[in-house]
């Protein structure tokens, strides 16, 4: 099987570092792509479940743009809906009618939603959620959980990071995933001080196995929050519309007060949303939070079309099934080659790790071997599957994975 | 005060540590102490303690106290020690007045040579040999400075507490100097050389790359993305480590 080279990617990166800090910053940075020599840096085009890099190499994509791609790249239905709206108006002096249609779609689709508010990125919404919780309760403290990711706003970063001060996290308390007892104790000891708790529906940190909620965990947290007057905020930026149309919380059987969405809601068009219960609506109205492009109508039309299409084709079911085929296939294949592949998280967002080497070096090597043969795998982050992935993709991926396991042994 | 204390720790535990390699690798310095059997104790009030032992062409530097030192140098504060390193103050000898000649001659020549090797900005066209020693010494300073910063700097303490227990290997390829760090419950311990089964690895592909990287002359992201610096394993350990490494310059400037 041919392995890829990335001459043009590297040339572009060198140019980029002259004019862009880090060349490629943030979650697209090449730094965690290990071995870096096995990965492309720049994409040229994409269609369906695949993308082509600037060197002409073709990949089956298991990162899906780190989540936004859910119905396939360049999906014709979604692009047509976006184009139709763009021809009318995108950025205008007032919102388009589509904004109300989209809010109604969220209210009709997401179980707890009585209203929806739109912005651009996940962090816009997680930050807004904190503001709403504080406005609602008149309290300052927010609990977030260790290893949870809610964007890069200063409140969501550790104070030892560059550009962050101790003041930025003054009212942020760090809790622990699945530790109900510690949460209960803290809330009892700090009665009337905590405005909200923000958490993902299950624990999906980087560089570590993903963890589902313990039996009864969310129900107990929901009840505790109700009793203590604490706003329960669900960060469903990554999981939204991949686990359940009604909200990832429905998948785990609990009801938060606020849910932040982004990524999968518009198949790559830039939009995020916060939805909430009637009880939160006045507080959300009182908080001033806006941005230059938050009223862009084109992404709203794309989001409307995406949510409708997701439901129409049973995308959640498809992603689950394709994820199971991928996960089971890789676990079995690893076993045939004498390795133990641990599969954690939801099938639509699986995290894999070869456990035979706890340093991750073996797993990194295998992911790199797969990538340079055309299955784009990262070793540090959960993967994503989309409704555009096919059985043929999975078969080809497993062939690539088989070759990669052989390559591990030959080195 | 914290700044002076951390800087004093770096001077005594990280900078002076390089005397071991200087005596082993620099012929001129080796000749100076070929016959010397002498130990020096550094004592800093409210600050670090360290010792240097010269033994017939070999040198060992350690933290804490050494038995029966021939010379004891006392400093009234960490700031006093740092001023001496800047050439702006003298130590107070408490013991070893008969050995003052060694301090004034051989020891001064050796420490001047170390300073020469640690200041590449003063050299117009450094030779390959200079580059190699500067790289080795800079790597040692960085590694041993980390534990001092992690112990006392307010933000670095948080960072260190986030590093999982384990070992990190830093090496210059193909067969250049290496150091490794052991992390246990947020305490970082530096050692020279290589360790078995590190949890995370950072390899610099050659001396030139390492020199630029360690002296802040290259863009770390570019170096990693272009494969000049290779990282692998539990990279969150390296991410956190780099947050502390970024502070080294602040304390040694």
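Protein chains in written order, with this note's numbering: chain P, 4 to 414; chain C, 143 to 395.
Ideal Cβ positions, reconstructed from N, Cα and C, are used throughout, including at glycine.
From a predicted model like this one, the values you see are computed outputs, not experimental measurements.
Residues sharing a beta bridge with residue i, DSSP
{"i": "residue 216 (chain C)", "result": "C:185 and C:234"}
{"i": "residue 392 (chain C)", "result": "Bridge partners of residue 392 (chain C): none, in fact."}
{"i": "residue 49 (chain P)", "result": "P:54"}
{"i": "residue 276 (chain P)", "result": "P:121 and P:264"}
{"i": "residue 345 (chain C)", "result": "C:313 and C:372"}
{"i": "residue 376 (chain P)", "result": "Beta-bridge pairing links residue 376 (chain P) to no other residue."}
{"i": "residue 331 (chain C)", "result": "C:324"}
{"i": "residue 201 (chain C)", "result": "C:196"}
{"i": "residue 356 (chain P)", "result": "P:345"}
{"i": "residue 197 (chain P)", "result": "P:144"}
{"i": "residue 2 (chain P)", "result": "Because chain P is modelled from 4 through 414, residue 2 (chain P) falls outside the range shown and cannot be assessed."}
{"i": "residue 236 (chain P)", "result": "P:201 and P:261"}
{"i": "residue 180 (chain C)", "result": "C:196"}
Cβ pair residue i, residue j closer than 8 Å
{"i": "residue 336 (chain P)", "j": "residue 397 (chain P)", "result": "no"}
{"i": "residue 323 (chain C)", "j": "residue 273 (chain C)", "result": "no"}
{"i": "residue 245 (chain C)", "j": "residue 161 (chain C)", "result": "no"}
{"i": "residue 164 (chain C)", "j": "residue 184 (chain C)", "result": "no"}
{"i": "residue 4 (chain P)", "j": "residue 406 (chain P)", "result": "yes"}
{"i": "residue 359 (chain C)", "j": "residue 20 (chain P)", "result": "no"}
{"i": "residue 127 (chain P)", "j": "residue 288 (chain P)", "result": "no"}
{"i": "residue 213 (chain C)", "j": "residue 182 (chain C)", "result": "yes"}
{"i": "residue 296 (chain C)", "j": "residue 320 (chain C)", "result": "no"}
{"i": "residue 300 (chain C)", "j": "residue 202 (chain P)", "result": "no"}
{"i": "residue 207 (chain P)", "j": "residue 354 (chain P)", "result": "yes"}
{"i": "residue 114 (chain P)", "j": "residue 250 (chain P)", "result": "yes"}
{"i": "residue 81 (chain P)", "j": "residue 395 (chain P)", "result": "no"}
{"i": "residue 380 (chain C)", "j": "residue 346 (chain C)", "result": "no"}
{"i": "residue 30 (chain P)", "j": "residue 65 (chain P)", "result": "no"}
{"i": "residue 300 (chain P)", "j": "residue 110 (chain P)", "result": "no"}
{"i": "residue 390 (chain P)", "j": "residue 315 (chain P)", "result": "no"}
{"i": "residue 159 (chain P)", "j": "residue 153 (chain P)", "result": "yes"}
{"i": "residue 344 (chain C)", "j": "residue 387 (chain C)", "result": "no"}
{"i": "residue 377 (chain P)", "j": "residue 61 (chain P)", "result": "yes"}
{"i": "residue 93 (chain P)", "j": "residue 265 (chain P)", "result": "no"}
{"i": "residue 302 (chain C)", "j": "residue 292 (chain C)", "result": "yes"}
Any chain C beta carbon closer than 8 Å to residue i
{"i": "residue 62 (chain P)", "result": "no"}
{"i": "residue 352 (chain P)", "result": "no"}
{"i": "residue 388 (chain P)", "result": "no"}
{"i": "residue 20 (chain P)", "result": "yes"}
{"i": "residue 171 (chain P)", "result": "no"}
{"i": "residue 364 (chain P)", "result": "yes"}
{"i": "residue 355 (chain P)", "result": "no"}
{"i": "residue 370 (chain P)", "result": "no"}
{"i": "residue 39 (chain P)", "result": "yes"}
{"i": "residue 302 (chain P)", "result": "no"}
Minimum Cβ-Cβ distance from residue i to chain P less than 8 Å
{"i": "residue 327 (chain C)", "result": "no"}
{"i": "residue 377 (chain C)", "result": "yes"}
{"i": "residue 260 (chain C)", "result": "no"}
{"i": "residue 168 (chain C)", "result": "no"}
{"i": "residue 310 (chain C)", "result": "no"}
{"i": "residue 366 (chain C)", "result": "yes"}
{"i": "residue 317 (chain C)", "result": "no"}
{"i": "residue 348 (chain C)", "result": "no"}
Contacts around residue i, its chain only, beta-carbon distance under 7 Å, and the 5 residues preceding and following it disregarded
{"i": "residue 174 (chain P)", "result": "143, 144 and 145"}
{"i": "residue 50 (chain P)", "result": "76 and 77"}
{"i": "residue 176 (chain C)", "result": "198 and 199"}
{"i": "residue 156 (chain P)", "result": "126 and 130"}
Beta-carbon contacts of residue i that lie in its chain and below 6 Å, excluding the five residues immediately before and after
{"i": "residue 306 (chain P)", "result": "105, 268, 269 and 274"}
{"i": "residue 196 (chain C)", "result": "175, 178 and 180"}
{"i": "residue 275 (chain C)", "result": "259"}
{"i": "residue 35 (chain P)", "result": "383"}
{"i": "residue 282 (chain C)", "result": "159 and 160"}
{"i": "residue 9 (chain P)", "result": "43 and 58"}
{"i": "residue 292 (chain P)", "result": "131"}
Contacts around residue i, its chain only, beta-carbon distance under 8 Å, and the 5 residues preceding and following it disregarded
{"i": "residue 15 (chain P)", "result": "44, 45 and 57"}
{"i": "residue 172 (chain C)", "result": "165, 166 and 199"}
Checklist entry - Between the stretch 384 to 398 of chain P and the stretch 357 to 367 of chain P, do at least 3 Cβ pairs fall closer than 8 Å? => result no
Next on the checklist: With a threshold of 8 Å, are at least 3 pairs of Cβ atoms found where one atom belongs to the stretch 350 to 358 of chain C and the other to the stretch 239 to 253 of chain C?
Outcome noted: no
Item to check | At least three beta-carbon pairs within less than 8 Å, the stretch 253 to 265 of chain P to the stretch 363 to 371 of chain P | outcome: no
Next on the checklist: With a threshold of 8 Å, are at least 3 pairs of Cβ atoms found where one atom belongs to the stretch 113 to 122 of chain P and the other to the stretch 207 to 217 of chain P?
Outcome noted: no
Checklist entry - Hey, is the stretch 374 to 392 of chain C in contact with the stretch 298 to 316 of chain C, meaning 3+ C-beta pairs nearer than 8 Å? => result yes
Checklist entry - Counting Cβ pairs, one atom from each stretch, are 3 or more of them under 8 Å apart for the stretch 326 to 343 of chain C and the stretch 187 to 198 of chain P? => result Using a Cβ-Cβ distance cut-off of 8 Å, the stretch 326 to 343 of chain C and the stretch 187 to 198 of chain P are not in contact, since fewer than three pairs of beta carbons, one from each stretch, lie closer than that value.
Item to check | Segment contact, 8 Å Cβ cut-off, at least three pairs: the stretch 224 to 244 of chain P with the stretch 180 to 191 of chain P | outcome: yes
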